[in-house]
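Chains as they are written, first to last, in the working numbering: chain V, 869 to 941; chain S, 869 to 941. For glycine and all other residues, C-beta sits at the position ideal for the given N, C-alpha and C.
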């Protein structure tokens, strides 16, 4: 319970990543988790406005652009 | 309850932002929320490894650099 409350996950959350472009207007928020002992991959999880959670590829240029767009807006 | 479960907040989450540099090694994850009807500000909330949540300024160069570093790692 303590782990769940503090949001710390003990393993990778993403099995695969969504390859198609998602327009920022559909994105509610984006969560970035650095790699670490729990998971060797950087994980980028977008929560969409319809409630779905989608793993994105942190190396995809469109993913970097969306994150930049959110920050620069 | 439905709102709490789907992670949709109806107002701004950050009252103020942390101005001092935080080393990425202390960061568990970073959540980016675009501006929208719920809040006019872009919100960047870092969860630290000790469980604390800290609001960061999305316009601060060091914040952009940390996010870039997470993605490029």
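Query raised in the report: What residues of chain B sit near residue 910 (chain V), judged by a beta carbon separation below 8 angstroms?
Result: Chain labels in this structure do not include chain B; the protein chains are V and S.
Query - Min CB distance residue 888 (chain V) to chain S below 8 angstroms - result: Closer than 8 angstroms: no.
Report task. Taking only heavy atoms of the ligand FMN into account, decide whether any of them is closer than 7 angstroms to the Cβ of residue 885 (chain V). Result -> For the ligand FMN, the structure offers nothing, since it holds no ligand at all.
Report task. Answer yes or no: does any C-beta atom of chain V fall closer than 8 angstroms to that of residue 892 (chain S)? Result -> yes
Requested in this report: Give a yes or no on whether the minimum CB-CB distance between residue 869 (chain V) and chain S is below 8 angstroms.
Outcome: With a pLDDT of only 31 at residue 869 (chain V), under the threshold of 50, the placement of this residue in the model should not be trusted, and no figure is reported.
Query raised in the report: If we call anything under 8 angstroms between Cβ atoms a contact, is residue 900 (chain S) one with residue 938 (chain V)?
Result: yes
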